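Inspection log for the structure reproduced underneath, given as structure tokens.
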Amino acid sequence: PPPRSRPRESLRCLMLKVFLVTFVALQYHSSALLQANITLSSLTLVPGRMMRVMKGGGRMGSADNSLAVQQRWRPSRSHLGAVISRGGFSSRYRSCYTSSAHSSSSNEDEGFTNDKTGIRINKCFKEFVSRRESDRYVADGRVQINGVVAKPGARVFPGDCVTLDGKPVSWEKLAIVREDGDLESQFVYIKYWKPRGVICTTDTRIEGNIIDAVSHPKRIYPVGRLDKDTSGLILLTSDGRVPNSILRASGKKSKEYRVEVNRAITERHLTMLREGVLITTVAQRDRKAKPLTAYTLPAQVERIADNKVLMTIYEGRNRQIRKMMEALGYKVVKLHRLKVMGIDLDRLVPGSWVPLNEIEMKWIRGGLSPSKE
Numbered sequence: 127p128p129p130r131s132r133p134r135e136s137l138r139c140l141m142l143k144v145f146l147v148t149f150v151a152l153q154y155h156s157s158a159l160l161q162a163n164i165t166l167s168s169l170t171l172v173p174g175r176m177m178r179v180m181k182g183g184g185r186m187g188s189a190d191n192s193l194a195v196q197q198r199w200r201p202s203r204s205h206l207g208a209v210i211s212r213g214g215f216s217s218r219y220r221s222c223y224t225s226s227a228h229s230s231s232s233n234e235d236e237g238f239t240n241d242k243t244g245i246r247i248n249k250c251f252k253e254f255v256s257r258r259e260s261d262r263y264v265a266d267g268r269v270q271i272n273g274v275v276a277k278p279g280a281r282v283f284p285g286d287c288v289t290l291d292g293k294p295v296s297w298e299k300l301a302i303v304r305e306d307g308d309l310e311s312q313f314v315y316i317k318y319w320k321p322r323g324v325i326c327t328t329d330t331r332i333e334g335n336i337i338d339a340v341s342h343p344k345r346i347y348p349v350g351r352l353d354k355d356t357s358g359l360i361l362l363t364s365d366g367r368v369p370n371s372i373l374r375a376s377g378k379k380s381k382e383y384r385v386e387v388n389r390a391i392t393e394r395h396l397t398m399l400r401e402g403v404l405i406t407t408v409a410q411r412d413r414k415a416k417p418l419t420a421y422t423l424p425a426q427v428e429r430i431a432d433n434k435v436l437m438t439i440y441e442g443r444n445r446q447i448r449k450m451m452e453a454l455g456y457k458v459v460k461l462h463r464l465k466v467m468g469i470d471l472d473r474l475v476p477g478s479w480v481p482l483n484e485i486e487m488k489w490i491r492g493g494l495s496p497s498k499e
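In our numbering, the protein residues as written are 127 to 499.
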């Protein structure tokens, strides 16, 4: 019989082919990694930070490819200037990254508390527009992060380049919140006795807006709103975290009002006000006004006259007290807010404002502590 050496020879040939293919593939891969390493040699590996090598769309070592890798690798800001000076980025983004690299010291020195999760893109413009207007900027495609059009809900991190209509925005100095708790040195917190007739809008084109009425030198905005015909306490701040922490329904922050209606209130209706009244209000969801029909949360109601009561509510539905009274057949004649949480009208006269004192700031810190970002 013939010798059985052919199967062994076939197996050897197959193994040799596999070896050759693997060797060629490894050589090609090593070459690509070497070129990527040369291109990104100016980047620093930061301890604890994950880094990835990704094949770019352009020629290895080109400006376009370096920009693509930069968006994913996030080098420390101290090296951005060096990378730019070597021509690592296209000229379109040079000025943006240069300003970000040299505008302040490293994020470790500045106490950036959002290094792991970042901050939402709509907080990057709070120096000059409201949060709602910032959302419109993003929805309209006017905002870019590192040259890529931002999507609603996107987050930015230290070193990211944010542009609005192609112009760089120095967002990091607005987003940094130091851990030392010295909020007053970073933000503005004031309380204002709003007279009747002042409109709670940041649109200065509207006559009688609250921004012109307060006339504060820094950019601030109201925490919630009071109707034009409602007077009393309203808070204003430049800290974008405060409105969410105080106004969210789950927080159940108290707001006390003095309410005067057009006729005497019966005991039965006082009980209904305390237990909850079915009303329909308009709620803003996804930039759309949607009707919401539901019972109000239980409230504290104290009679001070036949047609006057003190009401403390724990939610902030649109025109809530007026609608509660209308549902029971009453018309509100005067509505005046006395207190928000533990902050009242002390030291104020109609039309005046003062910074919050240390005792009042404890209420702000208490509202922020469950939802630090």
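Glycine included, each C-beta is placed from N, C-alpha and C at the ideal position.
For clarity, every value in this text was computed on a predicted model and none was experimentally measured.
- Per the Cβ contact rule, the region 457-473 is in contact with the region 381-391 (3 or more Cβ pairs under 8 Å).
- Shown here, residue 312 sits in coil according to DSSP, grouped into three states, outside any helix or strand.
- Of the residues assessed, residue 260 falls on the buried side of the cut-off, its CB having 16 or more other CB atoms within 10 angstroms.
- According to DSSP, residue pairing for residue 357 in a beta bridge involves 462.
- Taking a C-beta distance under 8 Å as the contact criterion, residue 394 and residue 433 do not qualify as a contact pair.
- When rounded, the separation of the alpha-carbon atoms in residue 265 and residue 429 is 48 Å.
- For residue 330, there is no enclosing beta strand (DSSP E), as DSSP marks it with neither H nor E.
- The beta carbon of residue 371 lies closer than 7 Å to those of 377, 493, 494, 497 in the same chain, with the five residues before and after it left out.
- When secondary structure is reduced to three states using DSSP, residue 398 falls in the helix class.
- When DSSP states are grouped into helix, strand and coil, residue 369 belongs to the helix group.
- The beta-carbon distance between residue 450 and residue 405, rounded to whole angstroms, is 6 Å. This is short enough to meet the 8 Å contact definition.
- In the structure shown, residue 431 falls within a strand segment according to DSSP collapsed to helix, strand and coil.
- In the structure shown, residue 467 adopts coil according to DSSP, grouped into three states.
- Judged by DSSP in its simplified three-state form, residue 421 adopts strand.
- Excluding its 5 nearest sequence neighbours in each direction, residue 337 has C-beta neighbours in its own chain below 7 Å: 328, 330, listed in chain order.
- Take the alpha-carbon of residue 365 and the one of residue 345: they are about 10 Å apart.
- Residue pairing by DSSP places residue 319 opposite 359 in a beta bridge.
- Around the beta carbon of residue 149, fewer than 16 other beta carbons sit within 10 angstroms, so the residue counts as exposed.
- No Cβ-Cβ contact shorter than 8 Å links residue 271 with residue 295.
- Shown here, residue 340 sits in a helix according to DSSP, grouped into three states.
- Counting along the chain, the unbroken beta strand (DSSP E) around residue 384 starts and ends at 381-387.
- When secondary structure is reduced to three states using DSSP, residue 390 falls in the coil class, being assigned neither helix nor strand.
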